[in-house]
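Chemist: Residue numbers (numbering that gives the first Met the number 0): 0 to 68.
Yeah, the Cβ is synthetic: ideal placement off N, Cα and C, and Gly gets one too.
Values in this document were obtained by computation on a predicted structure and should not be read as measured data.
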Amino acid sequence: MENKEVITVTLILAVVFAMLSITTDLTITGSSVKDTNQLSLTFSIITIVLIAIILISVLIELLKFSRRN
């Protein structure tokens, strides 16, 4: 896969996990509050990691671009 495709896929995943973390914050289902908070925290951490991967990929692209010129 090319780097742009990786960035796109990672961005989509980050958006999905961000939405999941927001919805788990808002809806407390039959499970206990602690479990829901844990799930939301997990989604938030995954979102942060995915955004970090996107930023690193963009930086790598910028470095490659600056070396060409």
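Out of curiosity, what's the CA-to-CA distance linking I59 and R66?
Modeler: 11 Å
Chemist: I47 and L10 - do their beta-carbons sit closer together than 8 Å?
Modeler: no
Chemist: When we look at the beta-carbon of L49 and count the other beta-carbons within 10 Å, is it buried (16 or more) or exposed?
Modeler: buried
Chemist: Thinking C-beta only, is F16 closer than 8 Å to F42?
Modeler: yes
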